[in-house]
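Read the structure below first, then the notes.
Chains as they are written, first to last, in this note's numbering: chain A, 1 to 663; chain B, 1001 to 1129; chain C, 2001 to 2148.
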């Protein structure tokens, strides 16, 4: 017979405000097997935990029920408390009377009644608990970073610094991400390439970092500490080990009309290309969609001019399998497509561009060598209109409901840089709000207004109408003056919303990491665990978790690295002891369980059994590997003979809970 | 101010609009083709109805200058539907004025050559209720 | 179940099986956001929706539950990759059998709720309780021997 102690927490007024905690502890004290029942304001505090420890010792408790907040909050805490008092930590059950009772119901009578029922269910379950010992699994001391932008780069550098090998998988031919396309960064107006490229070079030269460029993650198996990842290295048709990055092939290639996506299609590149001068690795890549040799078998110029003999038209995609202990997701973002926003005439006029395209125009390495010229006729724009919130803060279904966070700042930057270089150009910014929360951000934006004379107007742009003479008629609201403005602009720049990269969703399925409805990866806790996914062993870094600027991305990247290091530094991980177990006397070796196990944790052995008539029989029975089993319970239901059960959530335990609730 | 509160409730009920959704961006007024003709613009309709300032809206000619083109409804990023509010104020005025309706039979007498077809149809829609 | 004779208000007993990783977290989020749903719903935590044996559901009905709902992760998002697919198949079979027995389809339900969907959880529970109240007491599957 168990000796159970019940501890009801007030949680200040969070529970006690709606639930009569004293009545609950009294009612539960009457339950069969309960020898001690009490209540206290903060069970999770040191004082509260001491009450539990003292009770365990004084009353020789064999089981503990804590009626408190969600087990997802403090189950681990109370397990530790029990262990400290000498009680097996798995003899503890939590009844959730806060998130699932006091915080939901308003009437004290019904809430108290429900709390008592939930408490009874927990007591019924604990009666059937058995002491469990956690097993151990080894940790592969290698990390994988998916995505080679500034987030992935920073995370990899920090992990490598701690002495662990780390692989970066990047789908583009070079690492660097969006930051390579940016000209200057706010609020310091640092040159983005100048601060990024040293880090890119560090990655290339660091002994602990291996870069898989032009590669993607194809499959992920396993669990924390033991992931097996299949990486697909796409064929670049160039031998990385031989290519010196001299660029001669890119000058001689006859196929000149390939839209250059690095400049967002505003100019062309060749079929064989190096994305930009500071690419890491500095290796040419052939685009199979445009290469004459690969498509028609005619050409071969690059192969003839290559002095290193690096061209290999026969190269195939490669699949590489690797083991990792931890995976960091850093897949980044993209601006949205503007198909739903015809009012801004984006597809009708070349002079209506997105902010990223504007960034490329002002970049010295961009399509116009840094001169701000209208894409349509190459003339200098005398009036520029910046439109904020295109597709952000939009709940109508066309765009994204969230604020994209970086646009107010980068538009202020664009406006200021334009006014500095071209003082004769008029700059208007139409905004709903100006959001400048970071360090020195508001001061930065005020400089744009006060020092550089940028016209900030509160109101949105209703439409942009291209005129026959090449001007763009911008019709907008000035809410503070209560006027509708008509401005003749030469260039209109749209601050398009940002969304997670398209590769994020399939990746989330592969990793079983959760995502929200906007395709951002969900963090384990929005306030306290921002860089971990709820799935153990998967960490989040950068804009894949939510829109953010570079300073925040770097902070988060280092935070994710710290978490990874904390994991890899362990030699063994304590396994979850709530694993499946088969009763070999009942098992008939039918294999139903093995077929449903997602982890391949079940195998079969031939065992010798002593039969009642003194003969021995050899039977094939199922055996669960406790280090691999993750405790989902699929096998328990598939088992036709009821031999398979789950420790910690056994059949009898769940049925006892059902009985207690339905009484 | 009791009748203003009652009028506001009537407007919100008949239009089904929740003016609290408005984030004061001004895109409705930016898109409005009739902006210069109106004394109170779509974004002001939303703001003033929420504040309960119904009388000036009812007295203004803006409710008849609205073309009911629904561009503001189409462009609003929050789904506020200002045109429905304008329509609701219009209805309130008409209902309070009694049986002041436009009947199809009366139209030929009121026609003139310069009146575009669209104006006739829109007038019938607005004033025959 | 309790039937308040004087007020004639039927208070159903609803059992909800919630998977630890998504739906239980979603239920917690509903609580954190202080959303309301009736106290008739009692949640049992399981590691995965695939842990729920159809026997548990039948037992709940046997002991007097009026409605049982199984909540799990959205297809494709199961923490154990395939658990919710098994749950879906098993429940389809179970519900088909219950239908054959003449038990109202609306007494059982499977709902996919993610950890971020607190509002959906609360809305689902509200709707489910309303449905069960409308259907009334579970008389067909209740076992009178289990009553004290």
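Here a beta-carbon is modelled for each residue, glycine too, at the ideal position from N, C-alpha and C.
Treat the numbers as computed from the prediction; the structure is a model and nothing was measured.
- By alpha-carbon distance to residue 2081/C, the top candidate from 200/A, 475/A, 600/A is 600/A.
- If you check the CB distance, residue 24/A and residue 97/A come in under 9 Å.
- Approximately 5 Å separates the beta-carbon atoms of residue 472/A and residue 489/A; this is inside 8 Å, confirming the contact.
- Closest option to residue 552/A, judged by alpha-carbon separation, among 661/A, 562/A, 439/A, 34/A: 439/A.
- With respect to chain C, the C-beta atom of residue 537/A has no partner C-beta closer than 9 Å.
- Look at residue 617/A here: in three-state DSSP terms it is strand.
- Here residue 1027/B is buried, its C-beta having at least 16 other C-beta atoms within 10 Å.
- Unbroken alpha helix (DSSP H) stretches of 4 residues or longer found wholly inside the stretch 1035-1090 of chain B: 1042-1051, 1054-1059, 1062-1065, 1071-1075, given in chain order.
- Excluding residues up to 5 positions away in sequence, 186, 187, 409 lie with their Cβ nearer than 8 Å to the Cβ of residue 441/A in the same chain.
- Counting every other CB atom within 10 Å of its CB across the protein chains shown gives residue 2077/C a total of 16 or more, marking it as buried.
- Boundaries around residue 2099/C are those of the alpha helix (DSSP H), 2083-2101, since no beta strand (DSSP E) includes it.
- Rounded to the nearest whole angstrom, the CA to CA distance from residue 163/A to residue 564/A is 12 Å.
- Look at residue 651/A: its C-beta is under 9 Å from a C-beta on chain C.
- By the Cβ rule, the stretch 1087-1103 of chain B counts as touching the stretch 1118-1128 of chain B, because three or more pairs are nearer than 8 Å.
- Within 10 angstroms of the beta-carbon of residue 160/A lie 16 or more other beta-carbons, which makes it buried.
- Residue 330/A holds the alpha-carbon nearest to the alpha-carbon of residue 155/A among 341/A, 330/A, 607/A, 603/A.
- The secondary-structure analysis by DSSP pairs residue 430/A across a beta bridge with 387/A, 457/A.
- According to the DSSP assignment, residue 294/A belongs to the alpha helix (DSSP H) that extends over 292-296.
- Taking the beta carbon of residue 460/A as reference, the chain B residues within 8 Å of it are 1025, 1026, 1027, 1030, listed in sequence order.
- Closest in C-alpha terms to residue 2110/C, from the list 2024/C, 2145/C, 2091/C, comes 2091/C.
- Interface criterion met: the Cβ of residue 463/A is under 9 Å from a Cβ in chain B.
- Among the residues facing chain C, residue 100/A is included, as its CB has a counterpart in that chain under 9 Å away.
- DSSP, reduced to helix, strand and coil, places residue 478/A within a strand of the structure shown.
- Legend: CB atoms of the stretch 1036-1058 of chain B lying less than 9 Å from CB atoms of chain A belong to residues 1036, 1041, 1043, 1044.
- Check the Cα spacing between residue 276/A and each of 318/A, 179/A, 239/A: the tightest is with 179/A.
- When rounded, the separation of the alpha-carbon atoms in residue 2057/C and residue 2068/C is 7 Å.
- By the CB criterion at 9 Å, residue 356/A and residue 181/A fall inside the cutoff.
- Non-local beta-carbon contacts of residue 505/A in its own chain, meaning distances under 8 Å to residues more than five positions away in sequence, involve 515, 519 in chain order.
- Comparing alpha-carbon positions, the option among 31/A, 80/A, 352/A lying closest to residue 52/A turns out to be 80/A.
- Taking CB atoms only, residue 1079/B has a neighbour in chain A less than 9 Å away.
- Residue ranges of uninterrupted beta strand (DSSP E) with 3 or more members, entirely inside the stretch 508-563 of chain A and ordered along the chain, are 538-540.
- In this structure, the beta-carbon distance from residue 195/A to residue 168/A does not fall below 9 Å.
- Residue pairing from DSSP places residue 334/A in a beta bridge opposite 499/A.
- Linking residue 538/A to residue 414/A through their CA atoms gives a straight-line distance of about 36 Å.
- Each of 2061/C, 2063/C, 2064/C, 2070/C was checked against the Cα of residue 2128/C, and the nearest Cα belongs to 2070/C.
- In the three-state reduction of the DSSP assignment, residue 1024/B falls in the coil class, being assigned neither a helical nor a strand state.
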